[in-house]
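Just below is one structure, and these are the notes that go with it.
Residue numbers (our numbering), protein chains in the order written: chain U, 646 to 940; chain Z, 646 to 940; chain C, 646 to 940; chain W, 646 to 940; chain R, 646 to 940; chain X, 646 to 940.
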């Protein structure tokens, strides 16, 4: 599997119109923030929010806080002014709501290329994480995941969210009604070499419920969760950190190749698999990632 | 989502060879009837059943009873004589068993066009609801749902039915073995802007079992159920009626645009969504539908 | 459904480097053996294992023991020398691990054609059963199942196996995390007219757990299981044998056509289906198979 | 290339309502006849023509005259009564006008299966040669050529024919305006292992023009021509007979393998190609065909 | 064939920065004008040209002059400001240069929907005629032609134009090097029920050359030509007007149905085709069009 | 257009069994050599030829002579031993005959990856140029051209070659019968950002015929030719060298951006196109290439 992006365990929404919340959110320990210009911003404050978000990106970058922006869309098109405002060297990518299908990803990619070209960023620099919230986008999850700029797709469900309206499902704690949807997103993402992201736990004060929900997502193969509140970050980071067994597996892999190299061989069999320097490079990255997660 | 057909909560089979049953069935309060020429008619009575069904369509139409006919198929072809007999201004559509794939829908559509042309009905008038009962039809559920004449697809399962034979599954009350199948039909239908229909509860006297089964289907996103007995209609109609929350949502949408228009605006934000006259038109239809369901 | 291969209820792995185990395994009553050249053989014994396996195929054939071989693959290619060594009149087919997609099946098919041509076997003779262990292979399960040489596809999961690594799932006894995967494999296989095979129960001494696991797979529509130990064969053979109800159904079908033919007709309706001599031919095969399973 | 049908150099239309013309046409030396129920039969004589054609098929078969029938189509569907009338053991296949795309071939194939089943012919027995006369059918020429029952596709053009209307081309003797169309049909047919058939020369008395036109088609790779008049058969048979060079090539191939076999080898290199018994089998068929053409 | 747009025989470019030329061009008798904001406008005058074009659209509409606008594109995106400026009730559609493939048509369609929504025009109102000037767009000509807003596609070639650079062809008067390209565009357009448009004759003073070139395009099935100079309009209008034979054909069709209706029939056979009121409606439109062309 | 390979004007076959011919061929001034292990080597010398070719690759590399190898294929598979023998740091790529379709390219790519891995070359290093000599490969020319390792595809025709047999065409000097084929290869290659290569002139002593043939291919958009004799190199190099007009165009582009940069701008309009540093980088490469050709 190509890891095309450092995984995001906790992907935390912050309203774009709240400058102080944005500032405070860097202490939440979220792997990445989503500065929201869309649903969490009242219509009257959209313009102001765009300016606030634009002004905070460099500062967040200095704090080593990975930052994304969720842009607006009309019924017809993603908001080009939002894109022009936020594309730049400090933005990791944008989050887009409700694509109708792969065509919307192509369109937003063309708009990003134009904005990158105008704003002096290398064309192709800005990533896109789509929220698969329409039935058609879910049907074409694999085709969307194959798109170049897309490092992850989101198969999130919540009690009163767009996905439930799109499929007309009835929410349950256990999630029988969305097991297919979430499993489909996981397989589509992994088949394309991309990351699947789950969520959303709306009852933000119920941390036990959050843990159970995250563990269900984790068991299905999700790599992280959308989050609505900073207090939810630690639980989710814990659920999604590489397990000691995984760390031990990769430690063992490194040791195995070291031993083989000491005997003059360039590769060896580890746990039944042929491994060589390429595998060990990946292993070192995962170990480093796990360590960075441990703080 | 395009609502391409008024939803059918209760889709009730009536044997086509029983004239009196057909007459009585209009009192069952089913959203639509399926006059069956196929499995519920003994071979010796096929010809008679065709005449009975043909003769009852106008009368049902006068009673404002939506009426469909399930036609026969040989191993090779749907029955052209059945089609020629029933196509006309009083038929809403036909139900077809066991298509092997989208090709069978194309073929039956061509036969319908011919029958419409011969019988003086506008070409394209007759709808087709396919029962996805072969593994290949289920594999191609989305492609089938995209076909023009198809307003709904059926992902029904029952203890001893064709789907179970096709996939060689073992039936359980809870339906773990068909969760994938039903979820797949829901997503395929919704992605194509069509309606998914579930069922079939064979133990027609067990109304509690029926309610539980219908609620499981409803939670997955089904919009209605195939039914085998008139006594099952009320339970299913209740489970599948728009909820008060849905009605309130659309009432609120109408009020929001009314308020905006009073201030001279053509659109507004409602519940985080841009809405205009098109949305309100849909809202009024759903409210009207909900009221009609309340009878 | 085209039955393109006599079903395999119990598909038992035997390490290819253990000549005596291979000999003993014919007493296990497994429907077919997989002589393994891959994971269960230590690297140092690969060459020896190939010779052992090669030398045992004719003997197994004489014992009427169906025999398959799992060949090795490097990260890039299936092992052509393995293929050249084992292809011949006594091999039913090969089992291939971790195809990345349908292209790998095409490649191995070309290599098999070459080996068949060199070894004097009719081109196309050797079958291929792929283990769908990568996310991409699972995404393309239907396309893989359509390939000519493929009579069955395997959607097996285990606590510490490749599939779990590919999708990053967390194993549970009940298997919620792989319900989608297994259901998808069943539908893909059946839609292509092929057989789905499940498994793998790793806790080989826990026969109750094995039975429960096999019954869950059986309910989903699987036709058999991969097995790791001869002691597991009887349980699985029992779970996957045609049920008395199935046998009765086909007995009834034969009787129905006999009766019709006695009246001078070539076909009749049986259990609501048109049947003729072709159906009865299939029925006789299934009855014969069921009887052979009864030993 | 799979030769899936004995080639037809001269494919001669005969009006289906002219019993005496049909009888006389066996003396024309055409490789196959097309008894036409469609354009060459006046509407008032359609029913009579169907009876005439039906009654002549067995007699033509006895004369060893290959016989096809062109059936009618309405704007919506091929004529099922035509199909039911002519399908039988003495019919090689049907010719169908103006398919709109591959769907029409699928539909006519289902109707043929039904007719074969009713008329006691093995299902799949009747072949279909489509005239690609709509732009969409030409766009999908390869997909049409892949269909099982289709052994050949026709890319015919004429001064005032359907193709010219479909593409709105202006006819020229040299055919610059249809070079793309004819070349496309040749490549599509050959890529699917099928035969491309050209034509139509409408100026039936201009035999020099016919020869030039046939030679242009032949150079593009066509394997035969539709013909409108018996007098055109000899010219076309001559143009499309295997050339002496081709016969010599295959004679040489047979000799080369004979020589190799005399030395105990099963294969050899002939004209730079590996050949074995399979190639020689094909060679013998082509030689036999060429000889039969020499009559 | 669906005629989805009144054909354009002469499609005349006028530089968008020349107000007086635009005014004068209504006397040129061109079927439609293309007010050009792109290549024929110097960079320094782009903004001014946009205002000029915007200001002339209503006036042209009053003159009953069909008007289109060619918008600019950067390497990444069509110009959204151009689109916002010109979309409105007086614009028939836009012409877009160098799409890379169908994705670009989807993107420009989304931008048009947004502009229509903002400018108070029904969504979907504005048409798009793409110039197929990249190799990839030509490869996907059929897929582009299928797009909803596209009523015609342009397969134009010229001595020093983009297509020649894209394919690296060498121009000749006779056009052997672009015969494939132009034929492919014709078939793709017609297969999708759309119109193919040819051109471009750059030597605008050589009217004999223009006529020969237009006649070559016309013979291939083109329906009109891009033009660079008003003096070229009459020649092209003449070449592309329906021929007397076509007019006579449709006059005959109308007469035939009139005769049938006088005898109480709703349909008849005309020139070997079933015709009814729908065909006659089309016939009347074509006759009316031909008369309007005759002025 | 992505130039994914330095173009090859003259691509000269040299028999692999003739060591002295290989040595002498470096003086022929061919852009690249094809050391042939296939058709030009007698069966008895295949093994020897493989050793000769293997031994010459490093020497050719030192001479700065670009070198490719055409490997053998059986009816089923490309020759793995050929591949293992020649893959290494001095081989630019392999030429493969008669792929049946894209699957064969996938298969040979997997074999190359394995050989690269074994021989210590970076995986993906070796390129593949396929000769499209079967009808199916020509039908799938675009799909083949999209493959990663493929920098060019060959649409060559000759009087007695495989393509003529595959399509059953009759050769003419002017090439009417292969105009579609060659044009199709050009468009497919360019649409995929790859190079189309033409040929083959078999009458190697007729240099005037060669020039005319090469100019016809060049006009269609070919970028070079397969050649059978060293004496043909100069003619072909001349025909395919960038024209003075092309050189002037790119010189002008460089000057235009220089001028713009002198005024502090990063981009400008040149010949109606937006250009920036990326375009100039390409321009410099083409100028350098043209100069190197002038040698």
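Note that CB positions come from ideal geometry on N, CA and C, so glycine has one too.
Nothing here was measured: the structure is a model prediction, and the numbers come from that model.
Counting along the chain, no beta strand (DSSP E) covers residue 684 of chain C, and no H or E run does either. Any Cβ of chain Z closer than 8 Å to the Cβ of residue 707 of chain W would place that residue at the interface, and such an atom is absent. Assignment of beta strand (DSSP E) within the stretch 663-742 of chain R, counting only whole runs of 3 or more residues, yields 677-681, 711-715, 738-741 in chain order. Under the 8 Å criterion on CB atoms, residue 759 of chain R is classed as interfacial with respect to chain U. Leaving aside the five residues that flank residue 873 of chain R on each side, the residues in its chain whose CB is nearer than 7 Å to its CB run, in chain order, 658, 845, 847, 849. Taking a beta-carbon distance threshold of 8 Å, residue 780 of chain C counts as an interface residue toward chain U.
In the structure shown, the three-state DSSP call for residue 918 of chain Z is strand. The beta carbon of residue 890 of chain X lies closer than 7 Å to none in the same chain, with the five residues before and after it left out.
One Cα belongs to residue 679 of chain R, the other to residue 913 of chain Z, and the distance between them is close to 37 Å.
Taking the Cα of residue 672 of chain R as reference, the smallest distance to any Cα among R/878, R/935, R/898, R/888 is reached at R/878. The DSSP-derived three-state label of residue 872 of chain X is strand. With respect to residue 800 of chain Z, residue 827 of chain Z sits close: the two C-beta atoms are nearer than 8 Å.
The beta-carbon of residue 653 of chain W is placed no less than 8 Å from the nearest beta-carbon of chain X. The residues 773, in chain order, have a CB closer than 6 Å to that of residue 795 of chain Z in the same chain once the five nearest residues on each side in sequence are set aside. Secondary structure at residue 660 of chain X: strand, using DSSP grouped into helix, strand and coil. Contact annotation: residue 864 of chain X and residue 818 of chain R have beta-carbon atoms that are not nearer than 8 Å. In the displayed model, residue 879 of chain Z falls within a helix according to three-state DSSP. When secondary structure is reduced to three states using DSSP, residue 747 of chain Z falls in the helix class.
Contact of residue 824 of chain W with chain X by beta-carbon distance below 9 Å involves 821, 824, 825. Below the 7 Å Cβ cutoff, chain Z contributes no neighbours of residue 742 of chain W, its closest Cβ being approximately 15 Å away. Along the stretch 718-729 of chain X, going in chain order, the ones with a CB nearer than 8 Å to a CB of chain C are 719, 720, 721, 722, 725.
Counted as a single uninterrupted DSSP element, the stretch harbouring residue 899 of chain X is not any beta strand (DSSP E) but the alpha helix (DSSP H) occupying residues 889-907.
Near chain Z, meaning a CB-to-CB distance below 9 Å, the residues of the stretch 844-870 of chain C are 860, 861, 863, 864, 865, 866, 867, 868.
For the C-beta of residue 921 of chain Z, not a single chain C residue is nearer than 9 Å; the gap to the nearest is close to 38 Å. The stretch 780-793 of chain R makes contact with the stretch 736-751 of chain R: 3 or more CB pairs, one atom from each, lie closer than 8 Å. Using a CB distance cut-off of 8 Å, residue 914 of chain R counts as an interface residue toward chain W. Per the C-alpha coordinates, the member of C/810, C/876, C/824 positioned closest to residue 656 of chain C is C/876.
Distance from residue 683 of chain Z to residue 742 of chain Z at the Cβ level is roughly 6 Å; contact confirmed, criterion being Cβ atoms closer than 8 Å. Not one beta carbon of chain W lies nearer than 8 Å to the beta carbon of residue 893 of chain R. Between the alpha carbons of residue 816 of chain X and residue 929 of chain W lies a gap of roughly 25 Å. In its chain, beyond the 5 residues on either side, 671 have a beta carbon closer than 6 Å to the beta carbon of residue 708 of chain Z. Close to chain U, meaning a Cβ-Cβ distance shorter than 9 Å, is no residue of the stretch 657-672 of chain C at all.
Comparing alpha carbon positions, the residue from W/763, W/698, W/811 closest to residue 782 of chain W is W/811. With the criterion set as a beta carbon lying under 7 Å from some beta carbon of chain X, the members of the stretch 683-701 of chain R are 684, 688, in sequence order. Within chain U, the C-beta atoms nearer than 7 Å to that of residue 811 of chain C come from 835, in chain order.
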